[in-house]
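Working notes for the structure below.
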Amino acid sequence: MEIEGAPNEADIVKARLQARNKIQIELAQRHANGRPLNEALLEFATAGKAKLFGDIIAAHPEMLDHYLIDPEGTLDEVEGELYH
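Position 55, counted from 1, in the sequence shown is what numbering that gives the first Met the number 0 calls 54; the numbers after and before it change by one each time, with no gaps.
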């Protein structure tokens with residue numbers, strides 16, 4: 000029995016997928032250095048950052064939930080793993 004107003008599993012999965020996409024876009028924007036976003040996203044994908052990002056999220060799926068609470072903190076944490 001579901002509690003009325005509580006998110007169901009589909010809502011949770013959708014929120015996590017949206018968080019995953021938003022994190023990748025935000026990170027690409029941070030490192031775009033004035034370039035168009037599509038170029039920054041292409042570089043993110045081809046430089047192996049997308050694969051590494053996937054590995055980080057697979058090892059720490061709680062980061063997606065944390066992003067919903069503290070987007071900047073989560074971005075900083077993931078960025079540290081990817082770029083430093």
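Ideal Cβ placement from N, Cα and C applies to all residues, glycine included.
Straight-line CA distance for residue i to residue j?
| i | j | result |
| --- | --- | --- |
| Leu-16 | Pro-35 | 24 Å |
| Glu-61 | Asp-75 | 15 Å |
| Ala-9 | Leu-81 | 29 Å |
| His-59 | Ile-11 | 16 Å |
| Ala-57 | Pro-6 | 23 Å |
| Gly-33 | His-83 | 21 Å |
Tell me whether the beta-carbon of residue i lies closer than 8 Å to the beta-carbon of residue j.
| i | j | result |
| --- | --- | --- |
| Gln-23 | Ala-46 | no |
Figure out for me which residue from the options has the closest Cα to the Cα of residue i.
| i | options | result |
| --- | --- | --- |
| Lys-21 | Tyr-66, His-83, Gly-79, Gly-72 | Tyr-66 |
| Thr-73 | Leu-26, Gly-4, Asn-7 | Leu-26 |
Enumerate, from N- to C-terminal direction, the unbroken alpha helix (DSSP H) stretches of 4 or more residues contained entirely within the stretch 20-46. 36-45
Three or more C-beta pairs closer than 8 Å, one from the stretch 32-48 and one from the stretch 4-22: is that the case here? no
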